[in-house]
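Here the structure is laid out as structure tokens; the discussion comes afterwards.
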Amino acid sequence: MSYTEEIYERVVAQNPNEPEFHQAVKEVLDTLKLVIDANEEEYRKLGLLERLVEPERIISFRVPWIDDNGKVQVNKGYRVQFNSAIGPYKGGLRFHPTVNQSILKFLGFEQIFKNSLTGLPIGGGKGGSNFDPKGKSDREVMAFCQSFMTELHKYIGADEDVPAGDIGVGGREIGYMYGQYKRLTGLYEGVLTGKGLTWGGSLVRTQATGYGLVYIVDEMMKAMGKTLEGQTVVISGSGNVAIYAAEKAQQLGAKVVAMSDSNGYVYDPEGIKLDIVKDIKEVKRGRIKEYADQVESAVYTADENGSKGIWSIKCDIALPCATQNELNLENAEKLVANGCYLVAEGANMPTTREATDYLQAKGVAFMPGKAANAGGVATSALEMSQNSARLSWSFEEVDAKLKDIMKDIYAKVSDAAKRYGVEGNFVAGANIAGFEKVVDAMKAQGLV
Ligand code: NDP
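For the sequence shown, this note's numbering begins at 1 and goes up steadily by one.
Structure, rendered in structure tokens:
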């Protein structure tokens, strides 16, 4: 049995009931096989893969808070500190009822390679809670965030572990958590990113993941001799990543015809009017359905499968920006049949393994999330730099750095794929390029 197969079996045996974590490890190990086989003896001796798949630590805790009826509620809280070989742990906090240890371990594991790809000194981590902010009052969200941070603050710090937002954690939640951290520690430091602009946040952070996604798509298009001008784009989700991916795609001349949320999707053949989506989602915290109530050319389709139906809409480019495993084999077949030639993941692991394999086999240019959505964490790292230096850079400065980082990621990913004889396989390229830097640092730092 090869070293990678052995490690995968070990992960499955030692981490039962963690299917998302198994899935993420398998994808990474399969594509790293070429690199690992070439160094098998050395890596085995160093126990390198055994260490890579085991988080440095997982903190799991109780989060009690009081709801508006005066009743005590209890949620689970977690922080997975996966790998600090190249920098302090960095990765978002997710508040969603589906959150569990498996999902956070998959996200933390992916984050190691994503953060490495950015070229910036940040390690991999992830955290969150099974708390659902939807339908909660502001006071309830604040009560939860304060209780969550009362425990978490013991384990994080500007040079130790710097969480950010993710699903269900936006500017409001980061604000409440930052306030509580400051109150408990007395420190005004860059311990969280995604902060507001008046209290240490960075310009472009809000837009960064979506903009970065489209910047890397633009690089892929250039390599194919195309531009985004006039291309039809379908984007799932209508949260932070989806909205700013749509904004940048539109700025570069593409037509975004569909967006979604977990209840269904809207199709607007005239092109999505983003100011209306922003008003519904960012201001009113409403449902995407309301878009069709306001725009005559739009049709809403309720979808009990999250928003999987969105992939049956004809497009050139598909950008899954909602959640994990939202694009399956059947959806991939529809996309290909309708002429889609490029898929780039704004969300983390939105495409199932079967769907990814199918898209690649059909010659669809496919960019995995750990490269395509790395603009968010990269800009978070730029926020950390500004906090440490007590500086604020202009929008143009940060945007230019983000663009350069995404260009550089594209170059690294396509170069690594070429070096290992799998040109155009960006999944392999991203894993290899991310892995090389982390392994180098782990080897240099000895057995820790
Ligand atoms: P948001 O909470 O802002 O938005 C999430 C969107 O996805 C919402 O429209 C939500 O709909 C939808 N969604 C969530 N769960 C499901 C589901 N089960 N089925 C269908 N739709 C669903 O999160 P973000 O935009 O920040 O994150 C989206 C993805 O991007 C996640 O995978 C995240 O890990 C990833 N990501 C985010 C980064 C960031 O900077 N924010 C950075 C890198 C990756 P609803 O409102 O109905 O729940």
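Cβ coordinates follow ideal geometry from the N, Cα and C atoms, glycine included.
Given the structure is predicted, the values throughout are model-derived calculations rather than measurements.
Best match in the options for proximity to residue i [C-alpha to C-alpha]
{"i": "E270", "options": "V299, A411 and G375", "result": "V299"}
{"i": "R10", "options": "E40, E41, L49 and N115", "result": "L49"}
{"i": "G92", "options": "C340, I167, V72 and V364", "result": "I167"}
{"i": "N15", "options": "Y43, E6 and E54", "result": "E54"}
{"i": "N17", "options": "D218, V257 and S102", "result": "S102"}
{"i": "E27", "options": "A164, F106, L252 and L184", "result": "F106"}
{"i": "G237", "options": "A258, G253 and E5", "result": "A258"}
{"i": "K136", "options": "E383, L342 and G286", "result": "G286"}
{"i": "A292", "options": "V277, G306 and S312", "result": "V277"}
{"i": "S2", "options": "V234, Y181, Y267 and R44", "result": "R44"}
{"i": "Q23", "options": "I235, N130 and E354", "result": "E354"}
{"i": "Q294", "options": "G309, E304, N431 and Y267", "result": "Y267"}
{"i": "Q250", "options": "V234, M224 and A143", "result": "V234"}
{"i": "L104", "options": "I310, P320, V448 and Q324", "result": "Q324"}
{"i": "E304", "options": "Q207, S60, F395 and S262", "result": "S262"}
{"i": "P350", "options": "L34, E110 and K71", "result": "E110"}
{"i": "G201", "options": "M224, S394 and G47", "result": "S394"}
{"i": "N338", "options": "L319, K314, P320 and A444", "result": "K314"}
{"i": "G253", "options": "T185, E282 and T227", "result": "T227"}
{"i": "T352", "options": "E6, V12, G429 and P19", "result": "P19"}
Where the beta strand (DSSP E) containing residue i begins and where it ends
{"i": "T232", "result": "T232 to S236"}
{"i": "D161", "result": "D161 to A164"}
{"i": "L319", "result": "I317 to P320"}
{"i": "T301", "result": "V299 to A302"}
{"i": "M367", "result": "A365 to M367"}
{"i": "R57", "result": "R57 to I66"}
{"i": "V266", "result": "G264 to Y267"}
{"i": "F82", "result": "V72 to N83"}
{"i": "A433", "result": "Here A433 belongs to no beta strand (DSSP E); instead the alpha helix (DSSP H) covers F426 to A444."}
{"i": "K195", "result": "Unbroken run through K195: none, as it is neither H nor E."}
Contact check, residue i vs residue j, beta carbons under 8 angstroms
{"i": "V191", "j": "G170", "result": "no"}
{"i": "K370", "j": "L117", "result": "yes"}
{"i": "I288", "j": "Y265", "result": "yes"}
{"i": "V80", "j": "V398", "result": "no"}
{"i": "A374", "j": "I317", "result": "no"}
{"i": "I112", "j": "G124", "result": "yes"}
{"i": "E173", "j": "F95", "result": "yes"}
{"i": "A322", "j": "S260", "result": "yes"}
{"i": "K255", "j": "G210", "result": "no"}
{"i": "G346", "j": "A242", "result": "yes"}
{"i": "L187", "j": "A378", "result": "no"}
{"i": "F148", "j": "V214", "result": "no"}
{"i": "M221", "j": "M367", "result": "no"}
{"i": "F131", "j": "N75", "result": "yes"}
{"i": "V217", "j": "L402", "result": "no"}
{"i": "S312", "j": "E326", "result": "no"}
{"i": "V35", "j": "F435", "result": "yes"}
{"i": "S60", "j": "V99", "result": "no"}
{"i": "Y420", "j": "A430", "result": "no"}
Cα-Cα separation between residue i and residue j, rounded to whole angstroms
{"i": "W199", "j": "V162", "result": "16 angstroms"}
{"i": "D138", "j": "Y178", "result": "16 angstroms"}
{"i": "K412", "j": "Q73", "result": "47 angstroms"}
{"i": "A85", "j": "F21", "result": "20 angstroms"}
{"i": "G175", "j": "C145", "result": "9 angstroms"}
{"i": "I58", "j": "F82", "result": "8 angstroms"}
{"i": "E229", "j": "T31", "result": "33 angstroms"}
{"i": "N115", "j": "E296", "result": "43 angstroms"}
{"i": "A164", "j": "K418", "result": "33 angstroms"}
{"i": "G194", "j": "R183", "result": "19 angstroms"}
{"i": "A245", "j": "K273", "result": "13 angstroms"}
{"i": "N328", "j": "T232", "result": "21 angstroms"}
{"i": "L52", "j": "A365", "result": "29 angstroms"}
{"i": "D67", "j": "N348", "result": "31 angstroms"}
{"i": "A381", "j": "S388", "result": "11 angstroms"}
{"i": "S392", "j": "E383", "result": "9 angstroms"}
{"i": "E56", "j": "G376", "result": "23 angstroms"}
{"i": "G47", "j": "W65", "result": "42 angstroms"}
{"i": "V283", "j": "M406", "result": "29 angstroms"}
{"i": "L447", "j": "V12", "result": "24 angstroms"}
{"i": "N425", "j": "E5", "result": "21 angstroms"}
Near the ligand SAM: residue i beta-carbon under 7 angstroms from a heavy atom
{"i": "V241", "result": "This structure lacks the ligand SAM; the ligands present are the ligand NDP."}
Enclosing alpha helix (DSSP H) for residue i [first to last residue]
{"i": "M149", "result": "D138 to L152"}
{"i": "I89", "result": "First, the residue type needs correcting, since residue 89 is Tyr and not Ile in the sequence shown. Looking at the DSSP string, Y89 is not in any alpha helix (DSSP H); the run it does join, the beta strand (DSSP E), is Y89 to F95."}
{"i": "F109", "result": "Q101 to L117"}
{"i": "Q14", "result": "Y3 to Q14"}
{"i": "M221", "result": "R205 to A223"}
{"i": "G376", "result": "A374 to A389"}
For the 8 angstroms Cβ check, are there 3 or more pairs between the segment 325-336 and the segment 352-364?
-> yes
Check whether the segment 25-42 touches the segment 422-440, taking contact to mean three or more Cβ pairs, one atom from each stretch, closer than 8 angstroms.
-> The answer is yes - the segment 422-440 touches the segment 25-42, with three or more Cβ pairs under 8 angstroms.
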